[in-house]
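Asker: Note that my numbering has the sequence shown beginning at 12, numbered continuously upward. All C-beta atoms in this analysis are idealised placements derived from N, C-alpha and C, irrespective of residue type, glycine included. Since the structure is predicted, the reported quantities are computational estimates derived from the model, not experimental observations.
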Amino acid sequence: MTLNEVLAKYKDSPVGVSIVPMTRALENIEVYIPVLEAPSPETRKVTLKISKDKRGLSWAYFYTDRKEFSSAFPEGSKYVATPFKDAFNIIKSDSTFGGIFINRSPEMMYLIPKEVFDQVSETLDDKK
């Protein structure tokens, strides 16, 4: 199923039901991630634009296409584009993250809380 089909089918489903099909739909997609500044060639490190929840945990923002990214940042923003799996593994490895927001528009939005990160990893690893 395509990402749009998965989002439509599982729109009102709990994350526990939707996370495997959503992960499969995302695994081959390049995501656009807003950053504060572009990576330097020397370090290749970036600082992500994040938000914090009431628990103090950081949330990353991934956008699945330029339209979604542009709607979130109509004035423009620096970003990095990378495969979902690579971006997810970076976020998962940092315990300060509470999860990942996927997209901005209501019909394309999805949340991946850290409580299901292991399930996302298992689903991504099944494709090896």
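Alpha carbon to alpha carbon, what distance is there between Lys20 and Asp105?
Answerer: Locating residue 105 in the sequence shown gives position 94, where the first residue counts as 1. Locating residue 20 in the sequence shown gives position 9, where the first residue counts as 1. Straight-line Cα distance between these residues: approximately 31 Å.
Asker: Label Pro25 either buried or exposed according to how many other C-beta atoms from any shown protein chain fall within 10 Å of its C-beta, with 16 as the threshold for buried.
Answerer: Against the sequence shown, residue 25 aligns to sequence position 14. Exposed is the call here.
Asker: Do Ile44 and Val91 have their beta-carbon atoms positioned less than 8 Å apart in this structure?
Answerer: Numbered from its first residue, the sequence shown carries residue 91 at position 80. Numbered from its first residue, the sequence shown carries residue 44 at position 33. Yes, Cβ-Cβ distance for Val91 and Ile44 is below 8 Å.
Asker: Please report the distance separating the alpha-carbon of Tyr121 from that of Lys22.
Answerer: Locating residue 121 in the sequence shown gives position 110, counting from the first residue. Locating residue 22 in the sequence shown gives position 11, counting from the first residue. Approximately 9 Å, taken between the alpha carbons.
Asker: Suppose you measure from the CA of Ser116 to the CA of Glu53; what does that come to, to the nearest Å?
Answerer: Taking the sequence shown and counting its residues from 1, the one referred to as residue 116 is at position 105. Taking the sequence shown and counting its residues from 1, the one referred to as residue 53 is at position 42. Rounded to the nearest angstrom, the two C-alpha atoms are 35 Å apart.
Asker: Give me the Cα-Cα distance between Thr13 and Val31, rounded to the nearest whole angstrom.
Answerer: By 1-based counting over the sequence shown, the position of residue 13 is 2. By 1-based counting over the sequence shown, the position of residue 31 is 20. Rounded to whole angstroms, Thr13 to Val31 spans 13 Å at the Cα level.
Asker: Tell me whether Thr107 is buried or exposed, calling it buried when 16 or more other Cβ atoms sit within 10 Å of its Cβ.
Answerer: The count along the sequence shown starts at 1 and reaches residue 107 at position 96. That one is exposed.
Asker: Using only the alpha-carbon positions, how far apart do Asn15 and Gln130 sit?
Answerer: Counting from 1 along the sequence shown, the entry for residue 15 is found at position 4. Counting from 1 along the sequence shown, the entry for residue 130 is found at position 119. Looking at the two C-alpha atoms, the distance is approximately 21 Å.
Asker: Taking the C-alpha atoms as reference points, what is the distance between Gly27 and Glu86?
Answerer: Sequence index remark: in the sequence shown, residue 27 carries index 16 (1-based). Sequence index remark: in the sequence shown, residue 86 carries index 75 (1-based). One C-alpha to the other measures close to 35 Å.
Asker: Per DSSP, Ile113 is paired with what?
Answerer: Here residue 113 corresponds to residue number 102 of the sequence shown, with the count starting at 1. Partner(s): Phe73, Tyr121.
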